[in-house]
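Taking it in order: structure first as structure tokens, then the write-up.
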Amino acid sequence: MPGRLMSHPGAMTWSFIPHLNLAFRRLSSISLNWDAWHNRIGCHLRQLRHHLLPTDAERDREYLEEACGRYDLEHRLRELDRPRRAARGPFHPFGDR
0 MPGRLMSHPG
10 AMTWSFIPHL
20 NLAFRRLSSI
30 SLNWDAWHNR
40 IGCHLRQLRH
50 HLLPTDAERD
60 REYLEEACGR
70 YDLEHRLREL
80 DRPRRAARGP
90 FHPFGDR
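Position 4 (the sequence shown) corresponds to 3 in numbering that gives the first Met the number 0; numbering is contiguous.
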């Protein structure tokens, strides 16, 4: 989904990775007479792809954020499914607390 802004900061950059991979494959598969030119372009494309790929820390942070969000959601759903504690009647010694 190129051009679509997503919730995390690197998402828009990550959406261009498939296009970059496709361009890299096409350029690396072309048989050119100019080997030096071809190698130089391939080197620049590899560097660009390396800079655009998310780092391990970014991937871990995203995973933990999703896990925390899922845990919070599951916890809230369990609370909603849990039967409410029966209210104390008017004759209970502590009244209606």
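Glycine residues also receive a C-beta, built at the ideal position from the N, C-alpha and C atoms.
Quick caveat, the model's predicted, so the values are computed rather than measured.
Extent of the continuous alpha helix (DSSP H) run through residue i
i: L72; result: D55 to D80
Buried or exposed (CB count within 10 angstroms, at least 16 for buried), residue i
i: P17; result: exposed
i: M0; result: Residue placement at M0 is poorly supported in this model, since its pLDDT is 42, which falls under 50; the coordinates still yield a value, given next. Exposed, because fewer than 16 other Cβ atoms sit within 10 Å of the Cβ of M0.
Under the three-state DSSP convention, the category residue i falls into
i: L52; result: coil
i: H18; result: helix
6 angstroms Cβ shell around residue i - same chain, five flanking residues per side excluded
i: R45; result: none
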